[in-house]
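Let me begin by presenting the structure, written as structure tokens, before commenting on it.
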Amino acid sequence: MRLLLDTHVLLWWLADIELAPRARDEIADPANTVAVSAASAWEISIKKALGKLSAPDDLVQQIQASDFAPLPIEISHALAAGQLPRHHDDPFDRMLIAQAQTDQLTIVTRDKRFADYDVAVMSA
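0 is the number of the first residue of the sequence shown in numbering that gives the first Met the number 0; add one for each residue after it.
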């Protein structure tokens, strides 16, 4: 299985906050690819700088230690994000949805608005 972690799921994983059993098992399964988008790092960095979020200072190292695959933002992702229906106005979430659609990933999230899109979702 190929997973893409929503930003909150990444932070909960790193902080060892309880996730749905299936999500936790699939993220922990070494047979699965677990991706973290550059959009999530960007979102964390912005919100942390604004004082709206507490997050690890060593985010890159923690992502690497968790054996998560970095997912860069490609031009194809940006174009796909711009073409999405306006069900969701959060630009970071729209990018994650576009990346999941383009790269055929399942998004692990608790955000119920993702279900409005043609994208595979796993409840966190």
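Ideal Cβ positions, reconstructed from N, Cα and C, are used throughout, including at glycine.
Residue i by DSSP, collapsed to three states: which one?
{"i": "residue 118", "result": "coil"}
{"i": "residue 72", "result": "coil"}
{"i": "residue 65", "result": "coil"}
{"i": "residue 106", "result": "strand"}
{"i": "residue 95", "result": "helix"}
{"i": "residue 34", "result": "strand"}
{"i": "residue 52", "result": "coil"}
Which same chain residues end up closer than 8 Å to residue i when comparing Cβ atoms and leaving out the 5 residues on each side of it in sequence?
{"i": "residue 37", "result": "69, 70, 71, 72"}
{"i": "residue 96", "result": "80, 83, 87, 106, 113, 116, 118"}
{"i": "residue 123", "result": "5, 7, 8, 11, 18, 19, 22, 107, 108, 109"}
Using only the alpha-carbon positions, how far apart do residue i and residue j sit?
{"i": "residue 54", "j": "residue 11", "result": "10 Å"}
{"i": "residue 94", "j": "residue 102", "result": "12 Å"}
{"i": "residue 121", "j": "residue 48", "result": "30 Å"}
{"i": "residue 45", "j": "residue 28", "result": "30 Å"}
{"i": "residue 90", "j": "residue 41", "result": "11 Å"}
{"i": "residue 57", "j": "residue 16", "result": "18 Å"}
Would you call residue i buried or exposed, if buried means 16 or more other Cβ atoms sit within 10 Å of its Cβ?
{"i": "residue 92", "result": "buried"}
{"i": "residue 33", "result": "buried"}
{"i": "residue 78", "result": "exposed"}
Tell me which residues share the same chain as residue i and place their Cβ nearer than 6 Å to its Cβ, disregarding the 5 neighbours each side in the sequence.
{"i": "residue 99", "result": "3, 106, 118"}
Ordered along the chain, which non-local residues of its own chain (more than five positions away) have a Cβ less than 7 Å from that of residue i?
{"i": "residue 9", "result": "35, 39"}
{"i": "residue 52", "result": "43, 46"}
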